[in-house]
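Counting from 1 along the sequence shown, just add 198 to a position and that's the residue number in my numbering. Data block below; observations after.
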Amino acid sequence: MIRSEKTEYLRTLYNFSCGYCGVTEADTGGYLTRDHFKPLTKGGRNSIDNMVYSCAHCNQSKGDYFSDDHQERLLHPLHDNLAEHLHRDEDGFYHPSSTLGAVYVRVMNLSRTPYKCST
């Protein structure tokens, strides 16, 4: 299968891992997907700066979520420092350490078993 230049760029940019949860291509046994951070249905663009390399679970969990409300906005994996808002315990589970971290965990359904990306 020939991958598009955008997808190959995203794969490298996100180190072959889901930008949202960190699951790798090796963990899932294959390629991940491209997610429009701001969905096209909400005015997002089909440009590389609006795309996140995403596992199927995170892409499905996020759906077309996007909020302009500062308290409900979704953290961006590259533009926000996720470590300021979340931490991962020794078992790989994510825990919020801020209001925005709680939004992120809720929207992305990160309370799921770590490294499981079944749909």
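All C-beta atoms in this analysis are idealised placements derived from N, C-alpha and C, irrespective of residue type, glycine included.
Distance between beta carbons of residue j and residue i, contact taken as under 8 Å
i	j	result
residue 217	residue 252	6 Å
residue 249	residue 271	With a Cβ gap of about 18 Å, residue 249 and residue 271 do not count as contacting.
residue 221	residue 263	Not quite, the Cβ-Cβ distance comes to about 19 Å (not below 8 Å), so this is no contact.
residue 241	residue 235	Their Cβ separation, rounded to whole angstroms, is 12 Å, which puts residue 241 and residue 235 out of contact at 8 Å.
Exposure label - residue i; buried when at least 16 CB within 10 Å
i	result
residue 309	exposed
residue 199	Any reading at residue 199 needs caution, since the residue's pLDDT is 47, under 50, leaving its predicted position unreliable; the model's value is listed next. It counts as exposed.
residue 317	Reliability of the predicted coordinates at residue 317 is poor, the pLDDT of 42 falling under 50, and the value obtained from them is presented with this limitation in mind. Under this definition residue 317 is an exposed residue.
residue 315	Residue placement at residue 315 is flagged as unreliable, the pLDDT there being 46, under the threshold of 50; the coordinate-derived value follows with that caveat. Answer is buried; the Cβ neighbour count reaches 16.
residue 299	buried
Residue interval of the beta strand (DSSP E) (run including residue i)
i	result
residue 265	Segment: none, residue 265 is in no beta strand (DSSP E) and carries neither H nor E.
residue 292	292-294
residue 284	284-286
Distance CB(residue i)-CB(residue j) smaller than 8 Å
i	j	result
residue 302	residue 276	no
residue 223	residue 214	yes
residue 307	residue 259	yes
Residues that residue i bridges to, as DSSP identifies them
i	result
residue 275	Paired residue(s): none; residue 275 is not in a bridge.
residue 234	249
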